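With the sequence shown counted from 1, adding 339 to any position gets you the numbering used here.
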Amino acid sequence: AVVSTQSTGKAKKLINVPDGVSKVDEGNFIFIDDSSVLTYNFKDNCATVQTITDQMSNEWAFGLPRGSPYATLINNQFLDYRERGLFAEMWDAHYTSGVECPVQLEESSRFGLGVVSGLFALFVFGIFLSFLVLLFEVIHVSRMDARKEGKSVCSCFGTRLTLKAREIREEWFGGSGPLDTEL
Numbered sequence: 340a341v342v343s344t345q346s347t348g349k350a351k352k353l354i355n356v357p358d359g360v361s362k363v364d365e366g367n368f369i370f371i372d373d374s375s376v377l378t379y380n381f382k383d384n385c386a387t388v389q390t391i392t393d394q395m396s397n398e399w400a401f402g403l404p405r406g407s408p409y410a411t412l413i414n415n416q417f418l419d420y421r422e423r424g425l426f427a428e429m430w431d432a433h434y435t436s437g438v439e440c441p442v443q444l445e446e447s448s449r450f451g452l453g454v455v456s457g458l459f460a461l462f463v464f465g466i467f468l469s470f471l472v473l474l475f476e477v478i479h480v481s482r483m484d485a486r487k488e489g490k491s492v493c494s495c496f497g498t499r500l501t502l503k504a505r506e507i508r509e510e511w512f513g514g515s516g517p518l519d520t521e522l
């Protein structure tokens, strides 16, 4: 087991597990060990947090001589225990604490409510701006069509909106509908 100090970044060999637990409680230390050891030793300690990584996850195993007649017996017994839920019961009995630690949100959370609401507001503003640009584009093209064809701007605007609605419907839904009449 190793304890690392955050201030110096150097690792220090521990005497035993309780020594590591006490160093973490003192602060400014990180205790690295098997997850089951940490879960058991910190289960009643609300002042610590355990982060589990898949990179350093260890499973328990038994070492037996090759060709041992006990290998099949042990594997079948473990399978039976797992199917009956005995391992889950044992985990709950020995590794789950009766202490309810209060849930604390860290202030340094990158995605707090303020950040998320700000991103949502920016997203809504972007959608509004895109519809505004679309509207100005259709009005501008309608004015150009009106000058070129000698029609009113409103007539050309209606035609452009109908064509745009048809284009969007065909692109998004791949079908045709009542707006597919000849113009």
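Positions of the beta carbon are idealized from the N, C-alpha and C atoms, including for glycine. Computed from a prediction, not measured in an experiment: that's the story for all the values here.
**Study point:** C-alpha distance - Thr-498 paired with Phe-512, whole-angstrom precision
**Key:** Looking up residue 498 in the sequence shown gives position 159. Looking up residue 512 in the sequence shown gives position 173. For Thr-498 and Phe-512, the distance between alpha carbons rounds to 21 Å.
Check your understanding: Leu-353 to Ile-413, Cα distance in whole Å?
Key -> By one-based count along the sequence shown, residue 353 stands at place 14. By one-based count along the sequence shown, residue 413 stands at place 74. Roughly 34 Å separates the two Cα atoms.
Check your understanding: Is Ile-354 helix, strand or coil by DSSP?
Key -> Numbered from its first residue, the sequence shown carries residue 354 at position 15. Ile-354 falls in the coil class under three-state DSSP.
Check your understanding: For Leu-461, is the classification buried or exposed, using 16 other Cβ atoms within 10 angstroms of its Cβ as the cut-off for buried?
Key -> Here residue 461 refers to the residue found at position 122 when the sequence shown is read from its first residue. Result: exposed.
Point to revise | Contacts around Ile-478, its chain only, beta-carbon distance under 7 Å, and the 5 residues preceding and following it disregarded | key: Within the sequence shown, numbered from 1, the residue matching residue 478 stands at position 139. Phe-496, listed in sequence order.
Check your understanding: In whole angstroms, what separates the C-alpha of Tyr-379 from that of Leu-468?
Key -> Position 40 of the sequence shown holds residue 379. Position 129 of the sequence shown holds residue 468. Cα to Cα, the separation comes out at about 55 Å.
Point to revise | Close beta carbons around Val-438, own chain, < 6 Å, minus the five adjacent residues each side | key: For this step, residue 438 is matched to residue 99 along the sequence shown. Asp-383.
Practice item. If I'm right that Val-356 touches Phe-381 with Cβ under 8 Å, what's the distance once you round it to whole angstroms? Key: Stepping through the sequence shown from its first residue, residue 356 is reached at position 17. Stepping through the sequence shown from its first residue, residue 381 is reached at position 42. 10 Å between Cβ atoms; not a contact.
Review point. If we ignore side chains and look at the alpha-carbon of each, how far apart do Asp-364 and Ala-386 end up?
Key: The residue labelled residue 364 in the question sits at position 25 within the sequence shown. The residue labelled residue 386 in the question sits at position 47 within the sequence shown. It is roughly 7 Å from the alpha-carbon of Asp-364 to the alpha-carbon of Ala-386.
Review point. When burial is assigned at 16 or more other CB atoms within 10 Å of the CB, is Ser-481 buried or exposed?
Key: By 1-based counting over the sequence shown, the position of residue 481 is 142. Here Ser-481 is buried, its C-beta having at least 16 other C-beta atoms within 10 Å.
Check your understanding: Relative to the C-alpha of Leu-473, which residue among Gly-453, Ala-504 and Ser-456 is closest?
Key -> Position 134 of the sequence shown, counting from 1, holds the residue named residue 473. Considering only alpha carbons, the answer is Ala-504.
Review point. Is it right to say Phe-475 is buried, meaning 16 or more other beta carbons lie within 10 angstroms of its own, or is it exposed?
Key: Start at 1 with the first residue of the sequence shown, and residue 475 comes out as number 136. By the 10 Å Cβ count, Phe-475 comes out exposed.
Review point. Looking at Leu-403 and Ala-410, is the spacing between their C-beta atoms short of 8 Å?
Key: By one-based count along the sequence shown, residue 410 stands at place 71. By one-based count along the sequence shown, residue 403 stands at place 64. In contact: Ala-410 and Leu-403 (Cβ atoms closer than 8 Å).
Practice item. Could you have a look at Cys-440 and say whether DSSP puts it in helix, strand or coil? Key: Working through the sequence shown from its first residue, we reach residue 440 at position 101. Three-state DSSP puts Cys-440 in coil, outside helix and strand.
Check your understanding: Just how far apart, CA to CA, sit Leu-500 and Pro-441?
Key -> In the sequence shown, residue 500 corresponds to position 161, counting from 1. In the sequence shown, residue 441 corresponds to position 102, counting from 1. For Leu-500 and Pro-441, the gap between their C-alpha atoms comes out near 57 Å.
Point to revise | Through-space distance from Met-483 to Ser-491, alpha-carbon basis | key: In the sequence shown, counting from the first residue as 1, residue 491 sits at position 152. In the sequence shown, counting from the first residue as 1, residue 483 sits at position 144. C-alpha separation (whole angstroms): 11 Å.
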